[in-house]
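Let me begin by presenting the structure, written as structure tokens, before commenting on it.
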Amino acid sequence: MICDLRRKADDAAAMRDALDLAAQALVTGDVPVGAVVLAPDGLPLAGACNRREGLADPTGHAEIVALRAAGDALGTWRLDGCTLVVTLEPCTMCAGALVLARVARLVFGAWDPKAGAAGSVRDVVRDSRLNHRVEVVGGVLEAECSVLLRGFFEGRRPGGARG
3 MICDLRRKAD DAAAMRDALD LAAQALVTGD VPVGAVVLAP DGLPLAGACN RREGLADPTG
63 HAEIVALRAA GDALGTWRLD GCTLVVTLEP CTMCAGALVL ARVARLVFGA WDPKAGAAGS
123 VRDVVRDSRL NHRVEVVGGV LEAECSVLLR GFFEGRRPGG ARG
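Going left to right, the sequence shown walks through residues 3 to 165 as our numbering numbers them.
Here is the structure:
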């Protein structure tokens, strides 16, 4: 039980770091999603925010950018034992990248009922037909993550927030 509580505290602290990164995406008009890769020892290895608009790159999701930086830091594409902490449930592209990179754990904040691929719409990261499965912890600081995303999208709708 103590180990489980310690893991949850670590996940929440890393999610706060991911939220700080997510806020940086607002500068370039990107959707505010932030991601942190933790090394097997739990120490931060890399982090990023969404950069699709900033880089004019359709693959510039926070998860992909952070995974690339983690690979660079480790000198390998295999991220065995690493954890990805991200403010929004990954899409299919990002979930596939987690599987291919052999990431051990995924921790995310807000669920994505439209495009989520870690349990909402699809479950790519735990698909038994693939050669690797990722442990998933969803809903960490969900309210904080959701507020940031909702604020971004409400500000973009004509006439402000609507149901």
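In this text, a Cβ means the ideal position worked out from N, Cα and C, and glycines have one as well.
Keep in mind it's a predicted model, so treat the numbers as computed, not measured.
- Beta-bridge partners assigned by DSSP to Thr85: Leu40, Arg107.
- The C-alpha of Gly77 is placed about 22 Å away from the C-alpha of Gly36.
- Out of Arg104, Ala99, Ala106, Ala58, the CA that lies nearest to the CA of Ala119 is found in Ala99.
- DSSP places Ala117 outside both helix and strand once states are collapsed to three, so it counts as coil.
- The alpha carbon of Pro46 has as its nearest neighbour, out of Leu23, Val127, Glu91, Arg53, the alpha carbon of Leu23.
- With respect to Gly31, Glu55 sits close: the two C-beta atoms are nearer than 8 Å.
- For Gly49, the beta-bridge partners assigned by DSSP are Val38.
- Here Arg152 is exposed: its Cβ has fewer than 16 other Cβ atoms, across all protein chains shown, within 10 Å.
- Glu137 is bridged by DSSP to Arg107.
- Residue pairing by DSSP places Asp125 opposite Ala120 in a beta bridge.
- Contact annotation: Val123 and Leu86 have beta-carbon atoms that are not nearer than 8 Å.
- The closest CA to that of Asn52, considering only Asp74, Asp82, Leu21, is found on Leu21.
- A direct Cα-to-Cα measurement between Ala48 and Cys84 gives close to 11 Å.
- Nearest Cα to Pro42 within the set Ala14, Ala27, Ala72, Phe154: Ala72.
- Linking Trp79 to Ala14 through their CA atoms gives a straight-line distance of about 26 Å.
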